[in-house]
Amino acid sequence: MFDMYVVKNITDYLKLCKKCNTYHINNYNQICIVCKKFYCKDCSKYELIRNYNEYETTSNYCDSCNFLYFNYLYK
Ligand SMILES: [Zn+2]
Ligand SMILES: [Zn+2]
């Protein structure tokens with residue numbers, strides 16, 4: 052039997068991968084900076100794109116956010 056404090060800690064620690072729908076340890080390198088979608092280590096290789104913006108050096112963007120923010124680069 053878990054108390055609520057323990058349950059909250061577990062859900063903060065574990066994130067559901069949007070691609071393969073399994074739980075993984077939270078890692079901020081595997082989250083889209085715009086929509087906060089989390090991907091596991093394997094899926095993030097295909098789903099997340101490292102890109103630049105004017106405020107930060109590099110950040111991760113999912114496919115759709117990357118397109119939204121950087122499509123002017125591809126015209
Ligand atoms: Zn995954
Ligand atoms: Zn995104």
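Numbering-wise, this note's numbering comes out as the position in the sequence shown, counting from 1, plus 51.
Using N, Cα and C, we set each Cβ at its ideal position, and we do this for glycine too.
Remember, predicted model here, so these are calculated numbers, not experimental data.
So, are the CB atoms of K111 and L99 less than 7 Å apart?
As a first step, residue 111 is located in the sequence shown; it is residue number 60 there, counting from the start. As a first step, residue 99 is located in the sequence shown; it is residue number 48 there, counting from the start. Residue identity check: residue 111 is Asn in the sequence provided, not Lys. Yes, the Cβ-Cβ distance between N111 and L99 is below 7 Å.
How would you label Y64, buried or exposed, when you count the other beta carbons within 10 angstroms and need 16 or more for buried?
Within the sequence shown, the letter at position 13 stands for residue 64. So Y64 ends up on the exposed side.
Any residues whose CB sits closer than 5 Å to a heavy atom of ligand 1? List them in chain order?
Counting only heavy atoms of ligand 1, the residues whose C-beta sits closer than 5 Å to one of them are, along the chain, C68, K70, C71, C91 and C94.
K66: beta carbon under 6 Å from a heavy atom of ligand 2?
Working through the sequence shown from its first residue, we reach residue 66 at position 15. Not under cutoff, so the answer is no.
Using the Cβ count rule (16 or more neighbours within 10 Å means buried), how would you classify I76?
Mapped onto the sequence shown, residue 76 falls at position 25. It is exposed - the Cβ of I76 has fewer than 16 other Cβ atoms within 10 Å.
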